[in-house]
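*Asks:* A single structure is presented below for examination.
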Amino acid sequence: GQQLNQSPQSMFIQEGEDVSMNCTSSSIFNTWLWYKQDPGEGPVLLIALYKAGELTSNGRLTAQFGITRKDSFLNISASIPSDVGIYFCAGPHSGAGSYQLTFGKGTKLSVIP
Amino acid sequence: NAGVTQTPKFQVLKTGQSMTLQCAQDMNHNSMYWYRQDPGMGLRLIYYSASEGTTDKGEVPNGYNVSRLNKREFSLRLESAAPSQTSVYFCASALFRGPNNEQFFGPGTRLTVL
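Line order of the protein sequences matches chains B and X.
Mapping to the working numbering: the first sequence position 95 is 95, numbers consecutive.
Residues are numbered in the working numbering as their position in the second sequence, beginning at 1, plus a constant of 1000.
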């Protein structure tokens, strides 16, 4: 089945630094979704991407839909302590299964004040 | 708008007991989902309901049943709980129109089976 590989698995950064993480697949995706999960909470949708090459921003977050449609990137600029959490990428199954999303295993971000 | 709500927030069961996890959404979404989240395993789909009146199995359906009660509500039932079902359970909903697959999640139910 479709799999999404996220890297890095975890990262420790200093407050104020920029962060970059990515998500890759061996299959083509038509949509890329990025979620953030705070400790003890449910995932929250950050950014949705629908077109290859698309670059979308949400505040200090920027995400890109890779040209090959097999990858996506999420950047966070000038990190702050509340950026701590797990970031998941997700994409819909193809064809009749498109009601379902495949999720990556997440990138766990820790910010050192 | 409350979005997606789940009850209870926490639950402890003994092996063999049954319980129902409740989920409701007020966004007029068509599709609803139940996931479980375990350390290192990410989010795994248990069951989903593409639209009112339909339900389908996901990746890990064994030991669970679901009911799409109406457009707003989707419940998950554990008939005979096992320790392997200790997990955090999330409900999600999606409008699912055109290319829009965006799912919105509830706050989760933390279940421990002893």
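Built from N, CA and C at the ideal position, the CB exists for glycine as well.
Distance cutoff 8 Å, beta carbons only. Does Leu-1095 of chain X sit that close to anything in chain D?
*Replies:* In summary, chain D is missing from the structure at hand, where the protein chains are B and X.
*Asks:* Interface residues of chain X around Lys-105 of chain B at Cβ under 8 Å?
*Replies:* Those are Gly-1040, Met-1041, Gly-1042, listed as they occur along chain X.
*Asks:* In terms of residue numbering, what span does the beta strand (DSSP E) encompassing Thr-1083 of chain X cover?
*Replies:* In the sequence on display, residue 1083 of chain X carries Pro and not Thr. Looking at the DSSP string, Pro-1083 of chain X is not in any beta strand (DSSP E), and its letter there is neither H nor E.
*Asks:* Counting only C-beta atoms, is Tyr-87 of chain B closer than 8 Å to chain X at any point?
*Replies:* No, its Cβ sits nowhere closer than 8 Å to a Cβ of chain X.
*Asks:* Skipping 5 residues on each side, what residues in its chain have a beta carbon closer than 6 Å to that of Ile-86 of chain B?
*Replies:* Once the five neighbours on either side are set aside, the close Cβ partners of Ile-86 of chain B are Gln-37, Gly-106, Lys-108.
*Asks:* Which stretch, first to last residue, makes up the beta strand (DSSP E) that contains Leu-1045 of chain X?
*Replies:* Note, Leu-1045 of chain X: beta strand (DSSP E), 1042-1049.
*Asks:* Hey, which unbroken runs of the beta strand (DSSP E) at 3 residues or more fall wholly within the segment 5-88 of chain B?
*Replies:* List check, beta strand (DSSP E) in window: 5-7, 10-14, 19-24, 32-37, 44-49, 55-58, 61-65, 71-76.
*Asks:* Taking Val-1012 of chain X as the reference, give the member of X:Thr-1086, X:Met-1027, X:Cys-1091 with the closest Cα.
*Replies:* Of the listed residues, the one whose Cα sits closest to Val-1012 of chain X is X:Thr-1086.
*Asks:* Residues in the segment 7-28 of chain B with C-beta within 8 Å of chain X's C-beta atoms, listed in sequence order?
*Replies:* Within the segment 7-28 of chain B, no residue qualifies.
*Asks:* Ala-63 of chain B CB to nearest chain X CB: under 8 Å?
*Replies:* It does not: the Cβ of Ala-63 of chain B has no partner Cβ on chain X nearer than 8 Å.
*Asks:* Hey, Asn-1006 of chain X and Pro-1107 of chain X: beta-carbon distance below 8 Å or not?
*Replies:* What sits at residue 1006 of chain X in the sequence shown is Gln, not Asn. Yes.
*Asks:* Reducing DSSP to helix, strand and coil, say where Pro-92 of chain B ends up.
*Replies:* Three-state DSSP puts Pro-92 of chain B in a strand.
*Asks:* Going by DSSP in three states, Asp-1056 of chain X sits in which element: helix, strand or coil?
*Replies:* The answer is strand: DSSP assigns Asp-1056 of chain X an E or B state.
*Asks:* Is the CB of Gly-59 of chain B under 8 Å away from at least one CB in chain X?
*Replies:* Not closer than 8 Å to any Cβ of chain X, the Cβ of Gly-59 of chain B fails to qualify, so no.
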